[in-house]
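**Q** Numbering (this note's numbering), first residue to last: 546 to 671.
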Amino acid sequence: MTVLGLRFCHVAAPEHASAMAAIFGNGLAMPQLDLTKFGLPGNQDGFTGAIFPAADNSWVEVWPEGEGMPSGTMLQVVVDDADAYAATARANGLEPSGPVDAHGERIYYLSLPGGLPMSFQSRRAD
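Given below as structure tokens:
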């Protein structure tokens with residue numbers, strides 16, 4: 546079992562999410578992925594989200610809140626085999642929810658002490 550990357554995901558009011566993305570993209574000159582290459586709407590008609598890649602499978606993502614996207618922050622851990630991590634978590638007394646298959650990934654969820662949501666996920670073998 547291997548951790549491949551970490552993702553920081555933040556969902557906020559549109560004006561806050563847009564301002565945060567501007568700091569990453571314009572203020573810090575971090576490269577930004579073209580969301581349209583993933584079938585997502587671009588930001589031509591207003592801010593729809595942003596992903597700033599880092600090394601390996603890590604990145605920062607910022608999204609405006611909306612239906613199905615409540616405000617909050619989540620730690621996402623990208624792993625080689627989410628099912629194996631779920632089995633290990635359960636064997637060690639944790640209760641991950643899932644799996645959910647979305648965006649080509651298999652995803653499990655935990656709530657960390659203090660309430661921070663966390664997911665661990667791997668590419669789905671199709």
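Glycine residues also receive a C-beta, built at the ideal position from the N, C-alpha and C atoms.
Assuming Gly570 contacts Gln577 under a Cβ cut-off of 8 Å, what Cβ separation, rounded to an integer in Å, is found between them?
**A** 5 Å
**Q** Taking Phe592 and Pro609 to be in contact with their CB atoms under 8 Å, please state how far apart those CB atoms are, rounded to whole angstroms.
**A** Between Pro609 and Phe592 the Cβ distance is about 6 Å, and since that is below 8 Å, they are a contact.
**Q** Kindly indicate which three-state DSSP category Pro615 falls into: helix, strand or coil?
**A** coil
**Q** With distances taken from CA atoms, which of Gly649, Ser642, Asp646 is nearest Leu655?
**A** Ser642
**Q** Is Ser667 closer than 8 Å to Glu640 when the C-beta atoms are compared?
**A** no
**Q** Output needed for Ser664: all residues of its chain with C-beta closer than 6 Å, excluding positions within five of it in sequence on either side, in chain order.
**A** Once the five neighbours on either side are set aside, the close Cβ partners of Ser664 are Gln621, Ile652, Tyr654.
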